[in-house]
Structures are given as structure tokens and as C-alpha cells.
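Here the protein sequences come in this chain order: A and B. Heads up: the first sequence begins at 1 in this note's numbering, then just goes up one per residue. Heads up: the second sequence begins at 1 in this note's numbering, then just goes up one per residue.
Protein chains: 2
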Amino acid sequence: MTRTITAEDIDGLARGAAVLGTGGGGDPYIGALLARQALGSGELTVVDLDDVPDDALVLFVAMMGAPTVMVEKLPSLAEVVEPVRALGVHLGRAVTHIACAEVGGVNSTIPIAAAAALSLPLIDADGMGRAFPELQMVLPTLSGVTASPLAFSDEKGNTGVLQTVDNSWTERIARVACVEMGCSVMISGFSMSGTQARTSLVRGSLSRCIAIGQAIAAAREDKTDPVDAALILLGGRELFDGKVVDVQRATTTGFARGRARIDGDAGTSLTLQFQNEHLVAEKDGDVLATTPDLIMVLEGDSGEPITTEGLRYGQRVRVIAAPADERWHSAEALAMVGPGYFGYDTPARRFDGTLSTAGASEPVA
Amino acid sequence: MTRTITAEDIDGLARGAAVLGTGGGGDPYIGALLARQALGSGELTVVDLDDVPDDALVLFVAMMGAPTVMVEKLPSLAEVVEPVRALGVHLGRAVTHIACAEVGGVNSTIPIAAAAALSLPLIDADGMGRAFPELQMVLPTLSGVTASPLAFSDEKGNTGVLQTVDNSWTERIARVACVEMGCSVMISGFSMSGTQARTSLVRGSLSRCIAIGQAIAAAREDKTDPVDAALILLGGRELFDGKVVDVQRATTTGFARGRARIDGDAGTSLTLQFQNEHLVAEKDGDVLATTPDLIMVLEGDSGEPITTEGLRYGQRVRVIAAPADERWHSAEALAMVGPGYFGYDTPARRFDGTLSTAGASEPVA
Chain A
1 MTRTITAEDI DGLARGAAVL GTGGGGDPYI GALLARQALG SGELTVVDLD
51 DVPDDALVLF VAMMGAPTVM VEKLPSLAEV VEPVRALGVH LGRAVTHIAC
101 AEVGGVNSTI PIAAAAALSL PLIDADGMGR AFPELQMVLP TLSGVTASPL
151 AFSDEKGNTG VLQTVDNSWT ERIARVACVE MGCSVMISGF SMSGTQARTS
201 LVRGSLSRCI AIGQAIAAAR EDKTDPVDAA LILLGGRELF DGKVVDVQRA
251 TTTGFARGRA RIDGDAGTSL TLQFQNEHLV AEKDGDVLAT TPDLIMVLEG
301 DSGEPITTEG LRYGQRVRVI AAPADERWHS AEALAMVGPG YFGYDTPARR
351 FDGTLSTAGA SEPVA
Chain B
1 MTRTITAEDI DGLARGAAVL GTGGGGDPYI GALLARQALG SGELTVVDLD
51 DVPDDALVLF VAMMGAPTVM VEKLPSLAEV VEPVRALGVH LGRAVTHIAC
101 AEVGGVNSTI PIAAAAALSL PLIDADGMGR AFPELQMVLP TLSGVTASPL
151 AFSDEKGNTG VLQTVDNSWT ERIARVACVE MGCSVMISGF SMSGTQARTS
201 LVRGSLSRCI AIGQAIAAAR EDKTDPVDAA LILLGGRELF DGKVVDVQRA
251 TTTGFARGRA RIDGDAGTSL TLQFQNEHLV AEKDGDVLAT TPDLIMVLEG
301 DSGEPITTEG LRYGQRVRVI AAPADERWHS AEALAMVGPG YFGYDTPARR
351 FDGTLSTAGA SEPVA
């Protein structure tokens, strides 16, 4: 099935992407601006994974860096297109499709801008079904798709193309270049065939973003609960309802790292730990949910998603959790994106509180 | 004129290059090993700048990083050749000639190894007439030759190609990548035509290295003074004779930075400040010579050059100075490689103690 995206879809899509982005991916408002600018009064063709030819050349396009910096550096369309151009030259083949590496503010709408500017179709899919802070953290890595050749470029006109021995080395070298170049660059990589894209991407992500974003807006209009509306589509549950009382945040080595405390009405307290994205939710000492499952913070009444850099003292928020794509719960995936990788001394726990172990989930007393 | 280099020339060349390398460029012994390995029992064609065709494609090949690390990481021939290969693919043209970016231990012999392994002629010239720590610090930068596209690669198999807005940005991005990749990478860049090479390179550098190296060896054999023999060919003067009594050295942000104190017999003292290369020589508070002129440390009796990382307590040394290529004394050049650039609060002073000002040298009282 082929559908189209116009400027009118962007608000819903950006809102839904900010929900699935679990606090990361940058300010959805910034990303929406750029996508609307690229679409103008036109429309963008969005294709299902099943309709991508086997021999297609699919590329991810994304912004890499600290979301705290992205907010202040809206990229130009020329900048968004540059890494795709550089990579196309390097590969010596015509790029046929653009895909999102992750869902999350800027990185759901940057690919829309890139696809529109390049007149290429966008695939209704993404590489994670959520957002993660490092570039090797996509499902294609687990299927053996290489991040490199990977192109990166900045707003000054500097560009690089990396060819590395594994995806972690792509991340390491691109990250230090990104930090040196001002903590925010555009990247393109993970070149895949249509067959590889079908095996490794999460299906229907863009449609899901639009559905979630529109459900939140519709609930507001109908005076029903927007958070409940989102939860139904997410298949998730509410973890906590309270007020933000403390936020510690620092932009270090290209990431926005920190923690937030939310106090409930009955003397209870929830702590969120994040590195661009929310990674661990702990209530009065008990871990309720961890990466790779989704931990999201929504404004209490409006259901508007709040990014980690948007967290402020005094906000009334509801913290919700939802299941990640099941492939994220394999042992190999947990080694790459589980709490231990990020330095948190706790086992991976699913959104429903059960432990996440390789291929099995067991209830916890 | 075309000459050839065989394995027998390497000792002399490496010694002379270590003299002109003013303490930097890495251990000449390491570089000589690699060049001898590449040459085997064969010979390498070395061509004069005047014999390079106007439309040649000339590339620099060099090792980038902290000499303190280079000593422990002897590159393989495959590693030396990789950035040239990557850059050739990027440029889509056949490389015709290899040239040295600088003279100095490893970076005079790495290009020999690369040229021999690639069966390409090497040009009897270099980009500095000495060694400097940052990659934009070559005379071609002053003639508008761009460092990028610049390829870099490590021993693990990671490679990158940069295209930047100026040569300082090439340095900045390549440097952070180099540090992340283990503080030592092979690079190739500054692609030039034969015409550009003739305008911007220092002529006869390799012949000069061999002549200096052989003169030092011959003086030892003849029981004459090897340091005097070097000074005649360098057109320089002796600054100080003494014993190394203190060396402070740290490898930071990819450079070996530090200072050394040398005490003379008559209660006098000379301080050398270095960043990979010796940059400032100060005697009892008076600055005797600074970058861009050459400050070199030779073993007192043997005339063997001592690199900054080879300085040790108790060594009897003679510190000598010699004029740099005159192009290094322009105002534009001094902004790039003068003492101020390196953070030393002293004006540029020529090897003979006069001030270096744009286009003129004035005696100092």
C-alpha cells in the first residue's frame, strides 16, 4: 500500500514520534518545521516495506548529536541532503529509498525532509521502533547490516565518509567528529537492499506515529483522556502520575545525560535516568521498567510528550511504559541496549515489571 | 634528474630526516625498518620536482598522531598503503607520485614505504623542510592547496575520507578521529598537480636528508666533529652544549607536549619547549630561537639526532638551530606556525637571534 504525507500530517506524526522517542530525538517542533518546509504544498510518497523492491538501495538519514544542541541548530535542507549525496557518490549507485533510523522528534521528520528534497520515496518503517542514543543501536545491526559506509556533514560544509570494521567503530569515530563539529551533524548510512530492509526494520512506524499523534489530539477535542488514548495504541501501562521536582542534566561527550525525580501525591517518588532517552524508571527503590522497553513522559492533562531536555520543575506529568519490538529482548540485543550497557546496575525489566531474559520473560515477586 | 633509493640509503636518510625533523616525526629507527622492508633488495625511483609532469596527481602520505605512540605501533605495509588506495578511489583518478608532507623520522620513511609498495615514484621534496605537529602546517596550505579530500586509516581496518571547508578543519576532525582510533593513524591527502607541487613544496629534501645523515656518519669515521658537519649543511649555528637535567612530557589531545632543561658547564641553562617538535629555545630567560626556524638536539659526541620523546636525563647534548624555508617567515605563515599559535608568549625569533617579522628580519639588541 502506498500512502502520502502532506504538511497537514506533520503535527500528528511529530507528536506521535515524540511519544515513541521516549524523551530523545530532539525537539519535535524543530523537526516538524523542517519537514513542513520541505513538503511545502506538495506530498511525499510513503511506501510499505512489502512494496520496496528487493534490489532497492535504502539509506537511513538522521541527525546525530545531543538533542540539547539540536534545539539551537535547525539544519537547512541543503545540510539534510548532503550526507545522502556524499554517500551516493561513494557507493556509485542511485539511492532509491529513504528510511528513518529511529522514531523520535527530529529523527522522524529529518528523513521526511530529506526524502521530499530528493524526490525519493520514504519507507513506512524505522530501525528501532523507538529512539536510542548511539548509532549502532538499530535492529539492522543485529541482522548484520553495516552502518558504514556512513557519511556525516555539518552546517559549515565539512563532510566525511567512514568505512569501519564494525558498527560500534562507526559510532565511536562519528561521535568524536560530531562533538568536534559542534555536537550536531547530519548522517546517512546503513545502506540496505529492500530484502535487508524487510528483515530488519520495524514495520509501519510512521503510520503508528501519525495514529498516536492524532489519537492524542482527538482525545483532547473529545475531552477524554489523551494519555489513555496513547496507551491503547501503545499497548502499554501507566507507571506514575506526579510532579517534576528535580532535573539534573549535563551534555557530556555528545550526549544529554541526567536524571529526573517526580513526586506523587501519596509520598511516593519516581526517578527517571536518561541518556538522550529515558532508560530506567525506578519507584521508591523498585525498578519498574528499563531499556529496551519504552519509558515515556507525557504532560498530565494534554498528553503532550515531553523530551528529556524539555523536563522542567513543576510539570505535572504521567510516566508510561510500553513494549519494545520483541527483537530488542534477545541476549545479543540486550548486550547492545540493555541497562548494563548504559552503566545502570540493574537487569533489563520489561514494561510490565517482569524480567527480560533472552527469549523468555519471567514474573518477578 | 632521476635517482634511486635502495635499502642502503635508508640509514643516512632516516638520520638526516631526524635532524631536520627538529625532534618530531617519530623514531627514525621505526621508520627506517618499515622503509627497508618495503624496498627489500629493490630500488625506488626518486624524481626531481622539475621532472614531475604538470598534470601529475601527487599525494602526501604520512603518519598522524603522537610520536610517543608511533614508537609502539609499527604500521604494516598494508596499513601504509590503505589511505592512498581509499583516496584514489574517492578521487576516481590514478595517483602518479608520492611526496613527503614533512621531513622527520617516520614521516620521511613512510612515504618511501608507500611509494615502493605502490610502485610509484617518490618526489625529492617535502611540504615543510622540517616537521610540524598539525596537518595544515605545510607550505601547500599557504598556496591554497586543500588538505581534503584526506583519507585516514588505522591498523584495525577503519578508514575515513574527509572533505572540509579549510585545512584547519581537516586537522580538527582528523585529529579527534586519530585520538579515538588509538592516537596514531596513516593519512593521505593534499592532492596536487605537478604544477602545484613545484610551486609549494621544498625542493631536494630527501637528497638533503641523505647528505646530512651521511656527513654525520662520515665525520664519526674520520674522528671529526659530526655536529659541525651537520651545521655546515644546515647553514646553522650551535646554541648550547650541556646535559639534560629535566624532561617533562605528556601525551595530551594526540600530541607529545613538554619541556626539557639542559644545564651547561658555566652555570647556564637552556630550556626547550616542544609539541612533538622543538618550538622554543630559551637560555637563562633570553629566547634564542623559535619556530618556524629549526631547533635540533644532537647527541654531543656522535651527532645522533634525539627526538623529543628520546630526551633522557643525563644525556650530553648539543642544541643547534638553522633557518627554515623563507616562506615560513611570511605574516600568514607565522600566524599558522609561529610561537603564538602554540601558546608561547614570545615573538618569532630566527635561528640567528633576530626577530622574524613579515618579510624582514631586524637585529635585536
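We put the CB at the ideal spot given by N, CA and C, even for glycine.
Open item on the list: Could you check whether H329(B) and G23(B) sit closer than 9 angstroms to each other, using their CB atoms as the reference points?
Closed with: Locating residue 23(B) in the second sequence gives position 23, counting from the first residue. Locating residue 329(B) in the second sequence gives position 329, counting from the first residue. Their beta carbons are not under 9 angstroms apart, which means G23(B) does not touch H329(B) by this criterion.
Open item on the list: Suppose you measure from the CA of A7(A) to the CA of R327(A); what does that come to, to the nearest Å?
Closed with: For the purposes of this step, residue 7(A) is taken as residue 7 along the first sequence, with counting starting at 1. For the purposes of this step, residue 327(A) is taken as residue 327 along the first sequence, with counting starting at 1. Each residue's CA atom was taken as its position, placing A7(A) and R327(A) some 33 angstroms apart.
Task: Distance CB(V84(A))-CB(L118(A)) smaller than 9 angstroms - done: One-based indexing of the first sequence puts residue 84(A) at position 84. One-based indexing of the first sequence puts residue 118(A) at position 118. In this structure, the beta-carbon distance from V84(A) to L118(A) falls below 9 angstroms.
TODO: Return the CA-CA distance between L355(A) and T346(A), expressed in angstroms with no decimal places.
DONE: Within the first sequence, the letter at position 355 stands for residue 355(A). Within the first sequence, the letter at position 346 stands for residue 346(A). Approximately 10 angstroms, taken between the alpha carbons.
TODO: Assign D265(A) to one of two classes, buried (16 or more other C-beta atoms within 10 Å of its C-beta) or exposed (fewer than that).
DONE: As a first step, residue 265(A) is located in the first sequence; it is residue number 265 there, counting from the start. Answer is exposed; the Cβ neighbour count stays below 16.
Task: Amino acids of chain A, ordered along the chain, whose beta-carbon sits closer than 7 angstroms to that of R172(B) - done: Position 172 of the second sequence, counted from the start, is the residue given in the question as residue 172(B). Those are E180, listed as they occur along chain A.
Task: Within chain B, the residues that L162(A) reaches when beta carbons sit closer than 9 angstroms - done: Along the first sequence, one-based indexing puts residue 162(A) at 162. Within chain B, the residues whose beta carbon sits less than 9 angstroms from that of L162(A) are N158, T159, G160, V161, A177, listed in sequence order.
Task: Limits of the unbroken beta strand (DSSP E) element including A62(A) - done: One-based indexing of the first sequence puts residue 62(A) at position 62. Residues 58 to 65.
TODO: Kindly indicate which three-state DSSP category E155(A) falls into: helix, strand or coil?
DONE: Position 155 of the first sequence, counted from the start, is the residue given in the question as residue 155(A). It is coil, neither helix nor strand.
Open item on the list: Rounded to the nearest angstrom, what separates P30(B) and T141(A) at their Cα positions?
Closed with: In the second sequence, counting from the first residue as 1, residue 30(B) sits at position 30. In the first sequence, counting from the first residue as 1, residue 141(A) sits at position 141. Pro is not the amino acid found at residue 30(B); the sequence shown has Ile there. So the alpha carbons of these two residues sit roughly 39 angstroms apart.
- [ ] For A178(A), collect the residues of the same chain with a Cβ closer than 6 angstroms to its Cβ; drop the 5 residues on either side in sequence, then sort them by chain order.
- [x] Translated into positions along the first sequence, residue 178(A) becomes position 178. Ala is not the amino acid found at residue 178(A); the sequence shown has Cys there. Cβ neighbours of C178(A) beyond the five flanking positions: M64, G65, V185, G254.
Task: Own chain residues within Cβ distance below 7 angstroms of I210(A), not counting five before or after - done: By one-based count along the first sequence, residue 210(A) stands at place 210. Sequence-distant partners of I210(A) (beyond 5 residues in either direction) whose C-beta falls short of 7 angstroms from its own C-beta, in its chain, are D9, G12, L13, G16.
Task: Cβ shell of V364(B) (< 7 angstroms), same chain only, five flanking positions each side left out - done: As a first step, residue 364(B) is located in the second sequence; it is residue number 364 there, counting from the start. With a pLDDT of 42 at V364(B), under the threshold of 50, the modelled position of this residue cannot be trusted, and the question is left open.
Open item on the list: Against V165(B), what residues of chain A qualify as contacts under a CB-to-CB distance less than 8 angstroms, listed in chain order?
Closed with: What you label residue 165(B) is simply residue 165 of the second sequence in a count that begins at 1. Residues of chain A passing the Cβ test: K156, G157, N158.
Task: Local conformation of P339(B) per DSSP, three classes - done: Within the second sequence, the letter at position 339 stands for residue 339(B). In the three-state reduction of the DSSP assignment, P339(B) falls in the coil class, being assigned neither a helical nor a strand state.
Task: Per DSSP, cross-strand counterpart(s) of P305(B) - done: As a position in the second sequence, residue 305(B) is number 305, starting the count at 1. Beta-bridge partners of P305(B) (DSSP): L298(B).
Open item on the list: Counting only C-beta atoms, is A86(A) closer than 9 angstroms to chain C at any point?
Closed with: This model lacks chain C altogether; the protein chains it does include are A and B.
TODO: State the start and end residues of the unbroken alpha helix (DSSP H) segment that holds D352(B).
DONE: Position 352 of the second sequence, counting from 1, holds the residue named residue 352(B). That residue, D352(B), is in no alpha helix (DSSP H); it is neither H nor E in DSSP.
- [ ] Please confirm whether L122(A) and L44(A) have their CB atoms less than 9 angstroms apart.
- [x] Against the first sequence, residue 122(A) aligns to sequence position 122. Against the first sequence, residue 44(A) aligns to sequence position 44. Yes, these two residues count as a Cβ contact at 9 angstroms.
- [ ] Using alpha carbons as the reference points, say which of D222(B), K283(B), R249(B), E79(B) lies closest to D188(B).
- [x] As a working mapping, residue 188(B) is identified with position 188 in the second sequence. Checking the sequence shown, residue 188(B) turns out to be Ser, not Asp. That would be E79(B), whose Cα lies nearest to the Cα of S188(B).
Open item on the list: Does the CB of L90(B) have a neighbour CB from chain A at under 9 angstroms?
Closed with: For the purposes of this step, residue 90(B) is taken as the residue at position 90 of the second sequence. Looking at the sequence provided, one finds His at residue 90(B) rather than Leu. It does; some Cβ of chain A falls within 9 angstroms.
TODO: Return the residue from the list M296(A), G127(A), S153(A), P28(A) that minimises the CA-CA distance to T146(A).
DONE: On the first sequence, position 146 is the one that residue 146(A) refers to. Ranked by Cα distance from T146(A), the first of M296(A), G127(A), S153(A), P28(A) is G127(A).
Open item on the list: Do A289(A) and L239(A) have their beta-carbon atoms positioned less than 9 angstroms apart in this structure?
Closed with: Walking along the first sequence from the start, residue 239(A) turns up at place 239. Walking along the first sequence from the start, residue 289(A) turns up at place 289. The answer is yes: Cβ separation under 9 angstroms.
Open item on the list: Measuring alpha carbon to alpha carbon, tell me which residue in G40(B), G300(B), A99(B), G242(B) is nearest V47(B).
Closed with: Mapped onto the second sequence, residue 47(B) falls at position 47. Per the Cα distances, A99(B).
- [ ] Compute the Euclidean distance between the alpha carbons of T357(A) and Y313(A), then round it to the nearest angstrom.
- [x] The residue given as residue 357(A) occupies position 357 in the first sequence. The residue given as residue 313(A) occupies position 313 in the first sequence. Roughly 36 angstroms between the two C-alpha positions.
- [ ] Please say whether P53(B) and T96(B) have beta carbons closer to each other than 9 angstroms?
- [x] Along the second sequence, one-based indexing puts residue 96(B) at 96. Along the second sequence, one-based indexing puts residue 53(B) at 53. Annotated as proximal: T96(B) and P53(B), with beta-carbon spacing under 9 angstroms.
Open item on the list: Can you find the residues in the same chain that come closer than 8 angstroms, C-beta to C-beta, to K73(A), ignoring five residues on each side of it along the sequence?
Closed with: Reading the first sequence from its first residue, position 73 is the one you call residue 73(A). Same-chain partners within the cutoff: E155, G182, S184.
Task: W328(A): contacting residues in chain B (beta-carbon distance under 8 angstroms) - done: Position 328 of the first sequence, counting from 1, holds the residue named residue 328(A). Near W328(A) there are no residues of chain B at all, since even the closest Cβ is about 27 angstroms away, more than 8 angstroms.
Open item on the list: Given this structure, state the Cα-to-Cα distance separating G338(A) from P292(A), to the nearest angstrom.
Closed with: The count along the first sequence starts at 1 and reaches residue 338(A) at position 338. The count along the first sequence starts at 1 and reaches residue 292(A) at position 292. Those two C-alpha atoms are separated by around 6 angstroms.
TODO: Determine the DSSP secondary structure at L54(B), reduced to helix, strand or coil.
DONE: Translated into the one-based positions of the second sequence, residue 54(B) becomes position 54. According to the sequence displayed, residue 54(B) carries Asp and not Leu. When secondary structure is reduced to three states using DSSP, D54(B) falls in the coil class, being assigned neither helix nor strand.
Task: Sheet register partners of H90(B) (DSSP bridge) - done: Along the second sequence, read from residue 1 onward, the residue named residue 90(B) stands at position 90. Bridge partners of H90(B): none, in fact.
TODO: Could you check how far apart the C-beta atoms of V176(A) and E180(B) are, in whole angstroms? I think they sit under 8 angstroms.
DONE: In the first sequence, counting from the first residue as 1, residue 176(A) sits at position 176. In the second sequence, counting from the first residue as 1, residue 180(B) sits at position 180. About 5 angstroms; that satisfies the 8 angstroms criterion.
- [ ] Measure the alpha-carbon distance for A360(A) versus S143(A) and round it to whole angstroms.
- [x] On the first sequence, position 360 is the one that residue 360(A) refers to. On the first sequence, position 143 is the one that residue 143(A) refers to. Per-residue confidence for A360(A) stands at a pLDDT of 44, beneath the threshold of 50, marking its modelled position as unreliable; the derived number appears in the next sentence. Each residue's Cα considered, the two are about 20 angstroms apart.
- [ ] Measure the alpha-carbon distance for E362(B) versus L311(B) and round it to whole angstroms.
- [x] As a working mapping, residue 362(B) is identified with position 362 in the second sequence. As a working mapping, residue 311(B) is identified with position 311 in the second sequence. Low per-residue confidence applies at E362(B): pLDDT is 45, beneath 50, and the placement is therefore not dependable, though the value from the model is reported in the following sentence. Rounded to whole angstroms, E362(B) to L311(B) spans 33 angstroms at the Cα level.
- [ ] Rounded to whole angstroms, what's the CA-CA distance from R259(B) to N276(B)? Just pull it up for me.
- [x] The residue you call residue 259(B) lines up with position 259 of the second sequence. The residue you call residue 276(B) lines up with position 276 of the second sequence. Taking the straight line joining both Cα atoms gives about 11 angstroms.
Task: Same chain, Cβ closer than 6 angstroms to K283(A), neighbours up to 5 away in sequence not counted - done: The residue you call residue 283(A) lines up with position 283 of the first sequence. Hits under 6 angstroms: L270.
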